[in-house]
Structure formats: C-alpha cells, structure tokens
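Be aware that the sequence shown starts at 123, since it is given in my numbering, and climbs by one per residue.
By construction, the Cβ of each residue, glycine as well, lies at the ideal position given by its N, Cα and C atoms.
Comments concern the structure below.
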Amino acid sequence: MRKPIIAGNWKMNTDLSRACELTEELVGKELATRAEVILCPPFISLAAVGERIADTPLKLGAQNMHWEESGAFTGEISPTMLTSVGCEYVILGHSERRQLFSETDPRVNKKAKAALDHGLTPIICVGETLRQREEDEWRGHIESQVKAALINLSAEEVATLVMAYEPIWAIGTGKTATVEQANEVCRFIRVTIETIAGHDAAEAVRILYGGSVKPDNVSALMAAPHIDGALVGGASLKAGDFAAVVNYEK
Numbered sequence: 123m124r125k126p127i128i129a130g131n132w133k134m135n136t137d138l139s140r141a142c143e144l145t146e147e148l149v150g151k152e153l154a155t156r157a158e159v160i161l162c163p164p165f166i167s168l169a170a171v172g173e174r175i176a177d178t179p180l181k182l183g184a185q186n187m188h189w190e191e192s193g194a195f196t197g198e199i200s201p202t203m204l205t206s207v208g209c210e211y212v213i214l215g216h217s218e219r220r221q222l223f224s225e226t227d228p229r230v231n232k233k234a235k236a237a238l239d240h241g242l243t244p245i246i247c248v249g250e251t252l253r254q255r256e257e258d259e260w261r262g263h264i265e266s267q268v269k270a271a272l273i274n275l276s277a278e279e280v281a282t283l284v285m286a287y288e289p290i291w292a293i294g295t296g297k298t299a300t301v302e303q304a305n306e307v308c309r310f311i312r313v314t315i316e317t318i319a320g321h322d323a324a325e326a327v328r329i330l331y332g333g334s335v336k337p338d339n340v341s342a343l344m345a346a347p348h349i350d351g352a353l354v355g356g357a358s359l360k361a362g363d364f365a366a367v368v369n370y371e372k
C-alpha cells in the first residue's frame with residue numbers, strides 16, 4: 123500500500139512570524155494520520171518551522187534546491203543546508219520554477235539525483251500547459267518530463283521518490299482538472315515510470331495531484347486509484363482549510 127501524502131507548498135508567502143503562527147495553528151489541530159503531512163515553507167522559515175514540528179508527525183520540506191553541496195552559487199540553497207534544518211522532502215521542477223525561472227529538465231534531473239544522494243525525497247513536478255491540453259499534446263510533454271527527470275536513477279532510487287502532476291492551467295487559477303483527467307494523467311505517469319524502472323518501482327512511487335486542491339474537492343481526488351496525495355497551494359496557507367484537506371473523507 124502506498125501511504126498518501128498531503129504536502130502544503132506555501133510558495134513565496136508568510137514572513138517568519140506568520141510561518142511560526144501558521145505552524146503552531148496546525149500543530150494544535152487534530153490531523154488524521156493516514157497520510158504523511160509535509161509543510162514546505164519559504165527558506166527563511168525552514169529552521170523555525172522544523173523546530174515547531176520536531177515532536178509531531180508533520181514532516182518538513184523545501185521548495186527548491188541546488189544540486190551542489192557548496193560553492194559560488196549566490197542565492198542558492200544546497201541539499202546539506204536543507205538536511206541540517208531537518209528537511210526530509212524537497213519540491214523540484216515546480217511549474218512556476220520552470221516557467222518563471224528557466225528551470226530545465228536536465229537541472230531537475232541533477233537536483234533529483236543530489237537530493238537522493240543526501241537522503242532527501244524529491245517531489246518531482248510535471249504538467250502541461252492549457253495549449254498542450256487543448257491540442258491533446260499532454261502525453262508527449264509529460265512523458266518527456268518524466269523520462270528526463272529519471273535519467274541515471276536506479277530502479278531502487280526511483281521507487282523512493284514522489285511525482286506530482288500539476289496541470290499548469292489549474293495552478294492558482296481556481297480551475298481544477300476533473301477527477302477523471304487527473305487520474306488518467308497520474309496513471310500515464312505510472313505507466314511511463316514502469317517503462318523506465320520496472321513494475322515494482324512504478325507501483326511504489328507515490329503520485330500526487332496539484333492544482334487548486336481544496337477541502338471541497340480533495341475527497342473525490344483522493345478516491346481515484348492512481349492519485350496518492352495532493353500538493354496543496356493556496357489552501358495550505360489557512361490552517362483550517364489545510365486541516366480539512368488532510369482530514370479528507372475516505
């Protein structure tokens with residue numbers, strides 16, 4: 123059985139004070155334990171959030187990282203920096219990183235390998251634009267992203283990572299892929315992984331859906347057989363909404 127994941131991506135929101143306040147609000151709520159719950163605050167708040175969830179089931183994740191351990195890379199964060207503050211997960215290749223900051227498939231692959239080498243679980247994001255969806259080009263695009271992300275990773279490494287399907291047209295727009303669309307793409311991602319790393323690895327990989335996940339749609343999404351969790355944006359910034367997502371009805 124693949125244990126579900128609910129990951130809150132706070133993006134470039136919350137200063138240190140609000141991040142601590144939000145974390146404490148979440149720690150004070152009764153959260154279901156059937157899913158792994160991951161908080162991904164901005165870099166400046168990782169240590170403070172990590173301290174506040176240290177004795178709880180909540181896990182800490184980062185929103186990005188460089189593939190090198192150190193060096194002349196002004197403004198970057200290394201995998202060792204993330205592990206030093208308690209990170210267990212790191213989001214890689216988010217569509218906003220790809221679209222706004224020129225993140226490329228080869229860089230995502232290098233970051234994924236570095237994350238695994240340092241004991242971090244990468245959450246690798248893939249997804250298509252509205253044009254690619256409307257012109258039925260999403261399969262080729264997502265297959266290319268998945269294959270590029272997994273280059274030079276062993277089947278054993280692939281089995282431990284997390285994938286996230288993010289239809290770019292549904293991020294921050296209020297639009298959500300239908301359950302059927304989301305499940306179809308997550309299944310396609312799993313089939314693609316099987317061609318690369320084999321059946322066992324493909325069955326082990328947890329595949330999340332991200333794109334305007336809210337309390338009122340999470341239960342239907344989580345009921346789909348190939349959706350193993352959610353990457354939550356806006357709803358993760360309100361403790362009540364995020365708790366409702368975590369406590370989805372089975």
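When the options are compared against residue i, the one with the closest alpha-carbon
i, options, result
"Ser224", "Asn231, Val313 and Gly215", "Gly215"
"Ala184", "Ala323, Gly193 and Cys209", "Cys209"
"Ile349", "Pro201, Gly333 and Ile329", "Ile329"
"Tyr374", "Met203, Ile246 and Ala170", "Here the chain has residues from 123 to 372 only, and residue 374 is not among them."
"Arg156", "Cys142, Pro179 and Ala169", "Pro179"
"Ala299", "Val335, Lys269, Ser276 and Gly320", "Val335"
"Gln267", "Arg220, Ala326, Gly320 and Thr202", "Arg220"
"Val230", "Thr202, Val327 and Glu190", "Glu190"
"Leu182", "Glu316, Asn131 and Ser192", "Asn131"
"Asn274", "Gly241, Glu152, Leu222 and Lys232", "Lys232"
Inter-residue Cα distance where the pair is residue i and residue j
i, j, result
"Ala154", "Asp177", "16 angstroms"
"Arg255", "Val301", "15 angstroms"
"Asp137", "Val207", "18 angstroms"
"Lys372", "Thr205", "33 angstroms"
"Val159", "Ile175", "11 angstroms"
"Met344", "Arg253", "26 angstroms"
"Gly292", "Ala170", "Correcting the residue identity first, residue 292 is Ala in this sequence and not Gly. So the alpha carbons of these two residues sit roughly 31 angstroms apart."
"Gly150", "Asp363", "14 angstroms"
"Ala234", "Pro337", "30 angstroms"
"Pro347", "Ser358", "24 angstroms"
"Arg124", "Val354", "19 angstroms"
"Val307", "Ala323", "18 angstroms"
"Ala277", "Gly296", "36 angstroms"
"Ile290", "Thr251", "5 angstroms"
"Glu147", "Gly262", "42 angstroms"
"His321", "Glu279", "14 angstroms"
"Asp239", "Gln303", "34 angstroms"
"Lys133", "Met203", "19 angstroms"
"Gly356", "Gly241", "28 angstroms"
"Ser139", "Trp260", "41 angstroms"
"Leu168", "Leu222", "23 angstroms"
"Asn305", "Glu316", "16 angstroms"
Presumed contact (8 angstroms Cβ cut-off) between residue i and residue j, rounded CB distance
i, j, result
"Gly351", "Ile127", "4 angstroms"
"Ala141", "Cys162", "About 11 angstroms separates the two Cβ atoms, so there is no contact after all."
"Glu198", "His188", "4 angstroms"
"Ala361", "Leu144", "6 angstroms"
"Ala194", "Asp227", "About 24 angstroms separates the two Cβ atoms, so there is no contact after all."
Reduced DSSP secondary structure (H/G/I, E/B, other) of residue i
i, result
"Cys209", "coil"
"Arg174", "helix"
"Glu131", "Residue identity check: residue 131 is Asn in the sequence provided, not Glu. Of the three classes helix, strand and coil, the one that applies to Asn131 here is strand, per DSSP."
"Arg124", "coil"
"Gly320", "coil"
"Ala286", "strand"
"Ala183", "According to the sequence provided, residue 183 is Gly. The question's Ala does not apply to it. Three-state DSSP puts Gly183 in a strand."
"Glu158", "strand"
"Thr295", "coil"
"Pro244", "strand"
"Ile349", "coil"
"Val280", "helix"
"Leu153", "coil"
"Val354", "strand"
"Leu138", "helix"
"Gly362", "helix"
"Gly193", "coil"
Distance cut-off 7 angstroms: residue i Cβ against heavy atoms of the ligand ADP
i, result
"Ala352", "Summarising the ligand content, the structure contains no ligands, and the ligand ADP is consequently not present."
Other residues of its chain near residue i: CB distance less than 8 angstroms, five sequence neighbours each side excluded
i, result
"Thr243", "Glu210, Tyr211, Val212, Ala237, Thr282, Leu283 and Val284"
"Glu265", "Phe310 and Thr314"
"Ala269", "Inspection of the sequence shows that residue 269 is occupied by Lys rather than by Ala. The answer, listed in chain order, is Thr314 and Ile318."
"Asp258", "none"
"Arg312", "Ala324, Glu325, Val327, Ile329 and His348"
Proximal residues to residue i (C-beta, below 7 angstroms), its chain only, five neighbours per side dropped
i, result
"Val340", "Ala352, Val367 and Tyr370"
"Ser192", "Ser200"
Residues near residue i by beta carbon distance below 6 angstroms, same chain, minus five either side
i, result
"Glu288", "Ser217, Cys247, Gly249, Gly332 and Gly333"
"Thr196", "none"
"Ala97", "Any answer about residue 97 is impossible in this case: the structure gives the chain only from 123 up to 372."
"Asn135", "Leu359"
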